[in-house]
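Colleague:
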Amino acid sequence: MKRLFLLILIVLSQPAWSQSMTPQQKEIIDKLGVYYRELGLKSKADWLKQEVAAGRIRFGPTEPGETAVTDMPTRVITINDKKPFLNYSDYVDLGYTMYHERVHQNQDPEIYNSECWRETFYLGNACEREGWATGFRAVRNMANILRDQAKNAPSSRERAQAAARLEATVSAWQTLTNDWFGKGKKLYGDMTVTDDQGFPISWEEMEKERKEFLKVAATAKALAGDMMVPFTGTYSGPISEGANGKLTFQINTRNEVLGTIGGNYRKGTLSGTFKGRIRGQVDIDGNLKADVVGELKMTNQAGVTFDYEYTGRMTGNLTKNAQGGSGRWTAGEGAMNPSGAWRVTRQ
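In terms of our numbering, the sequence shown opens at residue 14 and continues consecutively.
(1) Determine contact between the region 107-118 and the region 139-157, defined as no fewer than three beta-carbon pairs at a distance below 8 Å.
(2) Exposed or buried, residue 92, counting other C-beta atoms within 10 Å across all chains shown (16 or more means buried)?
(3) Note down, in chain order, each residue of its chain lying with its Cβ closer than 6 Å to the Cβ of residue 27, except the 5 sequence neighbours on either side.
(4) Is the CB-CB distance between residue 193 and residue 156 below 8 Å?
(5) Would you report the Cα separation of residue 37 and residue 190, rounded to the nearest angstrom?
(6) At a cut of 8 Å, does the region 246-262 reach the region 274-282 through at least three beta carbon pairs?
(7) Mind listing, in chain order, the continuous alpha helix (DSSP H) runs of no fewer than 4 residues lying wholly within the region 82-106?
(8) Based on Cα-Cα distance, which residue from 168, 312, 339, 360 lies nearest to residue 354?
(9) I need the straight-line Cα distance from residue 82 to residue 48, nearest angstrom please.
(10) Excluding five sequence neighbours on each side, which residues of the same chain lie with their C-beta closer than 8 Å to the C-beta of residue 341?
(11) Can you tell which of 246, 275, 295 has the C-alpha that lies nearest to the C-alpha of residue 336?
(12) Quick check on residue 261: does DSSP put it in helix, strand or coil?
(13) Kindly list the residues whose CB is nearer than 8 Å to the CB of residue 223, restricted to its own chain and excluding five residues on each side of it in sequence; keep chain order.
(14) Using only CA atoms, which one of 312, 359, 307, 98 lies nearest to residue 345?
(15) Is the region 49-58 in contact with the region 94-102, if contact means three or more CB pairs nearer than 8 Å?
(16) Would you mind reading off the limits of the alpha helix (DSSP H) that contains residue 125?
(17) In the DSSP assignment, the alpha helix (DSSP H) including residue 149 goes from what residue to what residue?
(18) Contact defined as beta carbons within less than 8 Å: I believe residue 270 pairs with residue 334. What is the distance between those atoms, to the nearest angstrom?
(19) Tell me, please, which residues DSSP counts as bridged to residue 300.
(20) Just to confirm before moving on: does the CB-CB distance between residue 233 and residue 181 stay below 8 Å?
(21) Ends of the alpha helix (DSSP H) at residue 180?
(22) When DSSP builds the beta bridges, which residues end up paired with residue 320?
(23) If you pair each beta-carbon of the region 287-305 with each one of the region 165-174, do three or more pairs fall below 8 Å?
(24) Using CA coordinates, which residue listed in 43, 322, 85, 315 is at the minimum distance from residue 289?
(25) Go through the region 210-279 residue by residue and report every complete run of the beta strand (DSSP E) that reaches 3 residues or more, in order.
(26) For a test of the three-state rule: what should DSSP assign to residue 286, helix, strand or coil?
(27) What did DSSP end up calling residue 56 once you bin it into helix, strand or coil?
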């Protein structure tokens with residue numbers, strides 16, 4: 014991962030920390046923090062937050078194929094602003110890459126410059142070898158964490174999720190290995206990867222570990238599949254406790270919740286009707302969260318009707334056997350807006 018040494022004039026005229034992140038880029042950073050925390054890597058998540066706040070992580074152009082690069086004089090890490098981060102595999106890649114880049118943040122720019130000079134004469138690059146070795150150690154540790162999660166998950170759904178994530182991580186580990194032997198070793202020279210205790214790990218040992226981890230993932234998915242009932246299907250039922258009516262929603266293979274709600278209600282001297290659209294998500298454990306957006310018609314004692322648009326929320330849980338569920342909903346925060354309970358059965 015080659016570093017570009019920028020002239021001081023360029024650095025001062027285009028300071029990295031002056032470039033604000035777009036909402037989409039902030040979301041990528043947030044998801045990366047969640048990725049670290051879900052693996053129990055709190056210190057790494059804290060480091061990420063600290064570096065973003067200090068302006069030492071930004072998005073911008075990089076060399077083709079790079080996920081991120083570090084500018085040695087400024088210690089600023091630039092994440093490739095052209096690379097989409099859409100799925101778990103993308104965050105595995107970004108996750109271990111940031112370990113690599115943090116190594117460069119802590120290296121002496123003069124020493125790194127000297128190593129780059131050596132590299133031009135095919136003498137290797139010790140600074141790059143240190144970064145790559147740290148990346149290998151990071152992705153291996155991530156795979157070990159997910160292996161344990163896949164084995165010890167408390168529910169079949171969590172086991173299936175951990176298994177899928179383990180497969181993605183092993184795949185990223187293999188890609189990193191291919192990149193090293195395809196390009197890195199030729200540019201930077203041979204290296205030895207060590208574990209957290211400093212003991213060397215051979216390439217053959219890591220290959221064996223990857224195969225074992227894939228077997229763990231396959232076993233976990235098989236066990237989870239035997240016990241897990243998918244939530245996909247149509248659910249329908251009544252609403253109560255403050256309003257009367259009905260809701261119906263479908264859950265697709267991506268666990269997206271799409272449906273409708275409607276009915277009538279009375280609040281003090283007001284009576285009315287409502288209808289709305291339900292859009293949300295259900296997680297692997299059946300926890301449902303959705304937005305409810307629609308229209309209200311309120312009629313007062315004088316018979317005058319008022320029309321309102323509302324945005325509310327719907328929360329609840331589906332049963333583990335995916336045969337029904339229940340929860341609460343609201344048509345917004347207004348004191349006169351309807352709200353109540355819901356209960357559904359699978360159709």
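For every residue, glycine included, the Cβ atom is placed at its ideal position computed from N, Cα and C. Since the model is a prediction, treat every value here as computed from it, not as a measurement.
Modeller: So, from the listed chains and residues:
(1) yes
(2) buried
(3) Bear in mind that a pLDDT of 40 at residue 27, under 50, signals an unreliable position, so the number given afterwards is only what the model happens to contain. If we look at residue 27 and ignore the five residues flanking it on each side, it has no Cβ neighbours.
(4) no
(5) 30 Å
(6) yes
(7) none
(8) 339
(9) 20 Å
(10) 327, 328, 329, 352, 353, 354, 355
(11) 246
(12) strand
(13) 156, 183, 186, 187
(14) 307
(15) no
(16) 122-133
(17) 139-165
(18) That belief does not hold up - the Cβ atoms of residue 270 and residue 334 are roughly 18 Å apart, past 8 Å.
(19) 330
(20) no
(21) 169-192
(22) 310
(23) yes
(24) 322
(25) 246-253, 256-264
(26) strand
(27) helix
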